[in-house]
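Numbering (full-length UniProt numbering), first residue to last: 1 to 258.
The beta carbon of each residue, even a glycine, is placed where N, CA and C say it ideally should be.
Fair warning: this is a prediction, and the values are worked out from it, not measured in the lab.
Comments concern the structure below.
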Amino acid sequence: TAIAIDTILNQKQMNSRGTSESETLYCVYVAIGQKRSTVAQLVQILSEANALEYSILVAATASDPAPLQFLAPYSGCAMGEYFRDNGMHALIIYDDLSKQAVAYRQMSLLLRRPPGREAFPGDVFYLHSRLLERAAKRSDQTGAGSSTALPVIETQAGDVSAYIPTNVISITDGQICSETELFYRGIRPAINVGLSVSRVGSAAQLRAMKQVRGSSKLELAQYREVAAFAQFGSDLDAATQALLNRGARLTEVPKQPQ
């Protein structure tokens with residue numbers, strides 16, 4: 001959620017440079033199954049940052065019935081499609097689709113549909129694929145508008161191999177995996193570099209970012225691997241110690257205040 005909110009707030013600087021509506025990025029935030037107090041805090045944060053002028057909030061809170069939580073993402077997607085189809089750009093954040101899947105499971109069980117894996121109905125993959133595949137870029141002949149989807153998935157005990165996470169991972173162009181353990185160690189944003197993958201890759205990066213990313217990601221992965229074994233013994237060769245020292249510094253560089 002913090003990454004999603006930061007994404008919305010960071011658009012203010014970019015939108016202020018835009019000279020026309022076609023250069024403005026409109027943000028649609030869909031809150032599914034969250035507490036009303038959490039949604040109210042989000043509204044306050046966006047209001048204080050003057051981000052509501054380009055943002056839309058769609059909320060189906062935990063106190064709302066399951067059908068509303070099921071329909072909320074599709075409502076938010078339709079709003080984003082309005083901007084896309086009129087030559088503008090939209091960012092749609094679904095926070096989170098795990099709760100939509102739970103609401104859909106509840107409805108399906110009440111309708112006596114046969115349950116499948118983890119008691120979800122057999123068409124739960126289609127539930128998310130038909131939503132996320134509506135995010136698209138239109139051709140220049142049809143207005144050149146675009147819509148980008150950022151779905152949020154909650155994992156149980158950090159298990160990314162569960163049913164719903166694997167479904168959404170297979171649909172999207174990449175994922176950012178965060179870990180509670182990293183958060184409590186003071187590494188914020190608490191992103192697991194090893195599990196976070198981009199299928200677009202360097203095609204969407206600046207040249208300077210490409211040069212830095214290639215070596216640093218490999219070094220961070222090696223540091224994580226070596227650090228796990230280093231705690232069991234103190235007799236380390238010079239190369240391993242140098243890797244540990246560099247990895248510790250690389251871990252400190254991306255830290256941001258929350």
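Using 8 Å as the threshold, is the C-beta distance between Ala135 and Thr148 below it? Walking along the sequence shown from the start, residue 135 turns up at place 135. Walking along the sequence shown from the start, residue 148 turns up at place 148. Yes, they are a contact pair.
Go ahead and label Gly214 buried or exposed: buried means 16 or more other beta carbons lie within 10 angstroms of its beta carbon, across all protein chains shown. What you label residue 214 is simply residue 214 of the sequence shown in a count that begins at 1. With a threshold of 16 other beta carbon atoms within 10 Å, Gly214 falls short and is exposed.
Per DSSP, what kind of secondary structure is Ser37 in: helix, strand or coil? Position 37 of the sequence shown, counted from the first residue, corresponds to residue 37. Residue state for Ser37 is assigned as helix, using DSSP reduced to three classes.
Which residue or residues does DSSP assign as beta-bridge partners of Asp95? Residue mapping note: residue 95 aligns to position 95 of the sequence shown, counting from 1. Partner(s): Ala31 and Val152.
Pairing CB atoms from the stretch 148-159 with CB atoms from the stretch 106-116, are three or more of them under 8 Å? In short, these stretches do not touch, since the Cβ pair count stays below three.
Asn245, buried or exposed, once every other Cβ within 10 Å from all chains shown has been counted against 16: As a first step, residue 245 is located in the sequence shown; it is residue number 245 there, counting from the start. Exposed: under 16 other Cβ atoms inside 10 Å.
Can you round the beta-carbon distance between Cys27 and Ile45 to whole angstroms, since I take them to be within the 8 Å contact cut? Here residue 27 corresponds to residue number 27 of the sequence shown, with the count starting at 1. Here residue 45 corresponds to residue number 45 of the sequence shown, with the count starting at 1. Not really, about 13 Å apart at Cβ, beyond 8 Å.
Three-state class that DSSP yields for Val58 in the structure shown: Position 58 of the sequence shown, counting from 1, holds the residue named residue 58. In the structure shown, Val58 adopts extended strand secondary structure according to DSSP, grouped into three states.
Would you mind listing the beta strand (DSSP E) stretches within the stretch 145-203 that are 3+ residues and don't spill past its ends, in chain order? Correct list: 146-152.
Could you work out which residue in Ile32, Arg84 and Ser16 is closest to Lys137 when comparing CA atoms only? Translated into positions along the sequence shown, residue 137 becomes position 137. Restricting attention to Ile32, Arg84 and Ser16, the CA atom closest to the CA of Lys137 is found in Arg84.
Proximity of Leu57 and Tyr29 at Cβ, strictly below 8 Å: Sequence index remark: in the sequence shown, residue 57 carries index 57 (1-based). Sequence index remark: in the sequence shown, residue 29 carries index 29 (1-based). In contact: Leu57 and Tyr29 (Cβ atoms closer than 8 Å).
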